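Numbering (the working numbering), first residue to last: 353 to 877. Cβ coordinates follow ideal geometry from the N, Cα and C atoms, glycine included. All figures in this text were calculated on a predicted structure; none of them were measured in a lab. These notes are about the structure you will find just below.
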Amino acid sequence: MRNFKSGIFSITLLIAAIFSFGSSADLKAQNAVIHLDSTAQIIRGFGGANIVGWRPDLNEEDIQKVFGTEEGQLGLSILRIRIPPNKDQWSNNLPTAQKAYQMGVKVIASPWSPPASMKTNDDLVGGRLKKDSYADYASFLRQFEDYMENNGVPLYAISIQNEPDIEVSYESCDWNAEEMTSFLRDHGDSLSTKVIAPESFQFRREISDAILSDSAAASNVDIIGGHIYGGGLNRYFLPSEKGKEIWMTEYLKNQGATDEWEQLEDEVIWDETVEMLDTIQRSMIYDWNAYIWWYLKRYYSFLGDGEQGTEDGVLLKRGYAFSHFSRFVRPGFHRVYSRLSYAPGYGNVSLTAYTDSSKAIIIAVNGENSPKEVNFSIEGGAITSLMQHVTSPTENMVQLENVEITNNSFTLTLPAKSIKTFISEDLTVSNESITETPFAFELHQNYPNPFNPATTIKYQLPVSSEVSLKVFDMLGREVATLVNERISAGTHEISFDASGLSSGLYFYRLDAHGFMETRQMTLIK
């Protein structure tokens with residue numbers, strides 16, 4: 353829980369823009385292409401937190417509004433709860449969690465602090481988990497898992513610690529990379545549900561990199577979770593390389609915890625909501641699997657709490673905006689690849705798209721101050737009609753007339769400062785099986801390696817792309833161009849004959865659709 357956290361965006365944001373599938377140009381618009389026959393990450397859901405004891409619990413009407421999927425409901429599919437250090441408070445979680453679970457919602461739990469008796473300072477604020485308490489703490493977490501399951505709420509996942517890498521004045525516990533890696537290595541297998549770690553406040557990678565680089569610790573973690581306060585919203589390759597999902601497990605925006613929220617102009621609050629939408633779009637573009645907001649019910653969140661001029665239990669505009677994702681992009685959908693061409697004046701327009709076996713969902717956000725026309729093209733499949741919903745400064749999840757599609761293309765105008773969701777229920781995909789399309793861009797290690805004089809290089813493309821595959825020596829000089837043309841989606845390989853080169857270390861680099869990866873190989877003669 354927090355009122356405000358500050359931070360400085362690191363240059364990794366620039367690096368992510370260079371090395372991600374969607375480069376900075378992908379966030380700009382004029383012509384949009386959606387590849388229905390591609391497959392990116394699976395979506396686990398969109399959710400929020402209900403921290404009973406710190407805020408009043410939700411009532412029955414609140415629960416239906418937040419987790420229901422009908423018109424006028426938000427459709428959230430993940431509920432995050434707190435693990436109180438006092439077992440006598442565990443029952444506080446049950447009323448809402450039980451109802452949410454019965455509605456098909458995933459319930460995850462995070463501890464802010466172990467019991468004080470297990471900590472170096474014998475206090476719930478700060479301090480560290482005593483090394484001789486590691487086993488006791490693992491048992492404590494397992495007991496919470498068992499308690500929830502015995503009361504009708506099997507947890508989907510449990511976290512080891514909320515924000516272990518920032519010192520605060522409220523309930524907390526400090527962990528470093530060695531401590532959390534050691535705990536997971538030696539005690540993670542005692543937990544019965546999926547495990548989330550490390551929940552860094554800024555998605556810093558010191559702890560998660562250490563966990564993932566330790567095979568024993570990594571085997572006991574399922575989800576790399578983190579928050580994006582002041583930074584951290586970047587593409588992160590290592591988790592997927594290790595077979596782990598990436599979840600954004602907490603974020604909020606509240607104008608720096610101003611006490612004058614009620615006095616703010618609607619335009620100011622809506623601009624901040626559009627910024628929230630941008631973080632969701634970017635999370636999805638970066639292959640993250642879930643996005644979880646902070647309090648579900650708060651004056652700056654999705655449901656009014658009666659404070660700062662909000663009416664208790666009434667859906668807020670920020671909730672309607674969030675529901676463009678949570679209500680329509682359901683757990684089990686996959687993101688599909690989409691791209692936006694560069695056009696001046698479209699820098700704050702973004703696009704993501706999703707499919708399941710029969711539906712296609714397209715979400716477009718226009719963060720510009722003027723309407724923007726976008727030409728959409730559909731590749732790798734077909735849709736004939738789209739329902740559309742819009743939330744803008746003057747509209748809340750308003751359903752508009754259906755869009756009829758001719759020759760797999762259509763042109764629409766996105767209102768200024770708006771989010772539009774398009775839904776197709778007549779999806780057909782081209783003959784190429786989705787399951788046969790690579791999950792993501794990837795450059796494989798050459799084989800054999802070391803080699804003499806020839807070796808094979810394999811690479812994967814989830815969509816048709818302009819591909820450059822080049823070889824460089826240790827001085828960075830280009831010695832061979834293996835591919836320099838448009839290549840179809842799929843898995844490809846090419847032979848490299850180094851008969852004319854001297855023994856030594858060489859590098860080969862794949863550059864495709866904004867994705868770039870370099871590997872090394874050794875020629876021995």
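- Query: Apart from the five residues on each side of it in sequence, which residues of its chain come closer than 8 Å, Cβ to Cβ, to Lys-769?
  - Reply: Counting only Cβ-Cβ distances below 8 Å, and skipping sequence neighbours, we find Trp-622, Asp-623, Val-626, Asn-718, Gly-719, Glu-720, Asn-721, Ser-744 and Pro-745.
- Query: Who are the near neighbours of Ser-485 in its chain, counting only those whose CB is closer than 6 Å to its CB and skipping five residues on each side?
  - Reply: The residues are Met-470.
- Would you identify the three-state DSSP class for Asp-849, choosing helix, strand or coil? Assignment of Asp-849 by DSSP, reduced to helix, strand and coil, places it in the strand class.
- Item | Other residues of its chain near Val-823: CB distance less than 6 Å, five sequence neighbours each side excluded | The residues are Val-831, Ala-832, Tyr-858 and Tyr-860.
- Message: For the beta strand (DSSP E) containing Gly-399, name the first residue and the last one.
- Response: Start and end: 397-401.
- Item | Per-residue burial, Leu-650 [other beta carbons within 10 Å of its own, 16 or more giving buried] | The sequence given here has Arg at residue 650, not Leu. Counting Cβ neighbours within 10 Å, Arg-650 comes out buried, since at least 16 surround it.
- Query: Which residues in the same chain as Met-636 place their Cβ atom closer than 6 Å to its Cβ, once the five residues preceding and following it in sequence are excluded?
  - Reply: Once the five neighbours on either side are set aside, the close Cβ partners of Met-636 are Arg-687 and Thr-704.
- Query: In or out: Ile-876 buried (at least 16 other Cβ within 10 Å) or exposed?
  - Reply: Counting of Cβ neighbours within 10 angstroms places Ile-876 among the exposed residues, the total staying below 16.
- Message: I need the DSSP call for Phe-680, collapsed to helix, strand or coil.
- Response: Phe-680: coil per DSSP, three-state reduction.
- Message: If we define contact as Cβ-Cβ less than 8 Å, is Glu-612 a contact residue for chain C?
- Response: In the displayed structure, chain C is absent; only one protein chain is listed.
- Can you check whether the CB of Arg-679 is closer than 8 Å to the CB of Leu-426? Arg-679 sits close to Leu-426, with the two beta carbons spaced by under 8 Å.
- Evaluate Thr-843 with the Cβ neighbour count: other Cβ atoms within 10 Å of its Cβ, from every protein chain shown; 16 or more gives buried, anything less gives exposed. In this structure Thr-843 is exposed. Its beta-carbon is surrounded by fewer than 16 other beta-carbon atoms within 10 angstroms.
- Query: Does the separation of the CB atoms of Gly-400 and Ile-644 fall below 8 Å?
  - Reply: Cβ distance < 8 Å, so Gly-400 and Ile-644 count as in contact.
- Query: Using the C-alpha atoms, what's the distance from Ile-771 back to Leu-668?
  - Reply: For Leu-668 and Ile-771, the distance between alpha carbons rounds to 15 Å.
- Ser-737 to Asp-778 span [Cα, whole Å]: Each residue's Cα considered, the two are about 8 Å apart.
- Message: Under 8 Å, with one C-beta from each stretch per pair, do the segment 554-564 and the segment 519-526 reach the 3-pair mark?
- Response: Contact between the segment 554-564 and the segment 519-526 is not established, with fewer than three Cβ pairs separated by less than 8 Å.
- Message: Need the endpoints of the alpha helix (DSSP H) that Pro-447 sits in, please.
- Response: Where Pro-447 is concerned, the enclosing alpha helix (DSSP H) starts and stops at 446-454.
- Task: Measure the beta-carbon distance from Gln-382 to Tyr-689 and round it to whole angstroms, keeping in mind my assumption that it falls under 8 Å.
- Result: Gln-382 to Tyr-689, Cβ: 18 Å. No contact.
- Query: Any idea if Leu-827 is buried or exposed, counting beta-carbon neighbours within 10 angstroms, 16 or more meaning buried?
  - Reply: When all chains shown are included, Leu-827 counts as exposed.
- Message: For a quick check, are the C-beta atoms of Ala-734 and Thr-780 less than 8 Å apart?
- Response: Note that the C-beta distance between Ala-734 and Thr-780 is below 8 Å.
- Helix or strand or just coil, what does DSSP make of Arg-556? DSSP places Arg-556 in coil when its eight states are reduced to three.
- Starting from Val-418 and walking both ways along the alpha helix (DSSP H), at which residues does that stretch end? Taken as a continuous stretch (DSSP letters only), the alpha helix (DSSP H) holding Val-418 covers 412-419.
- Which parts of the segment 610-640 are runs of the alpha helix (DSSP H), unbroken and 4 residues or longer, counting only runs that do not cross its ends? DSSP assignment within the segment 610-640 yields the following whole alpha helix (DSSP H) runs of 4 residues or more, N-terminal first: 618-637.
- Cα separation between Ala-569 and Ala-487? Spanning the alpha carbons of Ala-569 and Ala-487 requires a straight line of approximately 15 Å.
- Query: From this set, Val-726, Asn-606 and Phe-685, which residue's C-alpha is nearest Pro-696's C-alpha?
  - Reply: Nearest of Val-726, Asn-606 and Phe-685 to Pro-696, Cα basis: Val-726.
- Compare the C-alpha of Leu-564 against each of Thr-545, Asp-440, Gly-671 and Ser-534 and name the closest. Leu-564 has its Cα closest to that of Ser-534, out of Thr-545, Asp-440, Gly-671 and Ser-534.
- Query: On the premise that Phe-728 lies in contact with Ser-702, defined as a C-beta separation below 8 Å, what is that separation, rounded to the nearest angstrom?
  - Reply: About 14 Å; that fails the 8 Å criterion.
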